[in-house]
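Participant: Residue numbers (this note's numbering): 3 to 280. Where is the CB? At the ideal position from N, CA and C, for every residue including glycine.
This is the structure in structure tokens:
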């Protein structure tokens, strides 16, 4: 199987051209290739596939083999892959995901895609759609207690569920301890991605993320979008936010008049290779 290792702000995946490769069991393959000692090493597996409703379709699988609905860093890297590897010559493309169709604007330099701006669509705040078990229609800035500690939490879906909480500092955060507790909390019937956010000023925040099925990753595009929405709705930042992640920065703009989120960030190819499926 031919593959390409790519990352968006350190959120790395193994990308496979589904137009050329036939992957029969992507769930099992995702577990194998993601292993950083016995496999290629990644946060998961992403398949680039034909679509009947868009230019391309994304199949996304976490490191534990579970299927994901959406991946912001992943969809940016798909944009780079299809242009750089000659699957399209368009700089405006659409990608079908389990979280809806995403619209990509490819920024090309010297014949290669360097950054990608993605129309991520509307943030979903309805608690039943997120989903999160809560008595109100929206969960914005609500006080909760997790593992004996009080948090202020806002829940947003960007095609997958996110819980955004604020912390005094992301540097000393014991995310390996608290992350799984949020992920498996009974409030979240489909588990949840949790963003731990430190507000620096009205335009910048630090963010660390614990992703369901993958653990801590160096970046999460949908998580950065959810973070921006949560910060803006709670009056913590302005409508355009630079989100500092462990692996780089993402610029998120929330157009409240249109109720749409726009994400701009890098997409990077690490290497090409071949993997023997046994």
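(1) Can residue 118 and residue 108 be called in contact, C-beta distance under 7 Å?
(2) Hey, does residue 264 have any beta-carbon neighbour from chain C nearer than 7 Å?
(3) Considering residue 266, what are the terminal residues of the alpha helix (DSSP H) in which it resides?
(4) For residue 14, which residues of its own chain have a beta-carbon under 6 Å away from its beta-carbon, when the five flanking residues on both sides are left out?
(5) Quick check on this structure: which residue in 255, 87, 56, 42 has the alpha carbon closest to the alpha carbon of residue 99?
(6) Return helix, strand or coil for residue 210, following the three-state DSSP convention.
(7) Measure from the alpha carbon of residue 223 to the alpha carbon of each residue in 74, 32, 68, 82, then state which is nearest.
(8) Whose C-alpha, out of 40, 247, 148, is nearest the C-alpha of residue 229?
(9) Apply the 10 Å Cβ neighbour rule to residue 232 and answer buried if 16 or more other Cβ atoms are within range, or exposed otherwise.
(10) Using the three-state DSSP reduction, which class does residue 229 fall into: helix, strand or coil?
(11) Quick one: Cα of residue 207 to Cα of residue 269, how far?
(12) Under 7 Å between the Cβ atoms of residue 84 and residue 93?
(13) Is it right to say residue 9 is buried, meaning 16 or more other beta carbons lie within 10 angstroms of its own, or is it exposed?
(14) For residue 6, which residues of its own chain have a beta-carbon under 7 Å away from its beta-carbon, when the five flanking residues on both sides are left out?
(15) Cutting at 8 Å between CB atoms, please list the residues of its own chain near residue 183, excluding the five before and the five after it.
(16) Taking the beta carbon of residue 278 as the centre, do at least 16 other beta carbons fall within 10 Å, making it buried, or is it exposed?
(17) Please confirm whether residue 198 and residue 167 have their CB atoms less than 7 Å apart.
(18) Could you name the residues that DSSP lists as bridge partners for residue 58?
(19) Could you compute how far the alpha carbon of residue 155 sits from the alpha carbon of residue 140?
(20) So, for residue 70: in the same chain, excluding its five sequence neighbours on each side, which residues have a beta-carbon less than 6 Å away from its beta-carbon?
Facilitator: According to the structure data:
(1) Closer than 7 Å, so yes.
(2) The structure shown has no chain C; it contains just one protein chain.
(3) Segment 262 to 268 is the beta strand (DSSP E) holding residue 266; no alpha helix (DSSP H) there.
(4) Around residue 14: 44, 45.
(5) Looking at the Cα atoms, 56 is the closest of the given residues.
(6) In this structure, DSSP gives residue 210 an extended state, which the three-state scheme calls strand.
(7) Nearest neighbour of residue 223 by Cα position, chosen from 74, 32, 68, 82, turns out to be 74.
(8) Comparing alpha-carbon positions, the option among 40, 247, 148 lying closest to residue 229 turns out to be 247.
(9) Buried: at least 16 other Cβ atoms inside 10 Å.
(10) Taken through DSSP and simplified to helix, strand or coil, residue 229 comes out as helix.
(11) Roughly 21 Å between the two C-alpha positions.
(12) Not closer than 7 Å, so no.
(13) Residue environment: residue 9 is assigned as buried (16 or more neighbouring CB atoms within 10 Å of its CB, all protein chains considered).
(14) Contacts found: 17, 83, 271, 274.
(15) If we look at residue 183 and ignore the five residues flanking it on each side, its Cβ neighbours are 148, 149.
(16) The residue is exposed, with fewer than 16 neighbouring Cβ atoms inside 10 Å.
(17) Less than 7 Å divides the Cβ of residue 198 from the Cβ of residue 167.
(18) Beta-bridge partners of residue 58 (DSSP): 97.
(19) Whole-angstrom Cα-Cα distance: 11 Å.
(20) Its chain contains 62, 64 as the residues whose beta carbon lies nearer than 6 Å to that of residue 70, once the 5 sequence neighbours on both sides are disregarded; these appear in chain order.
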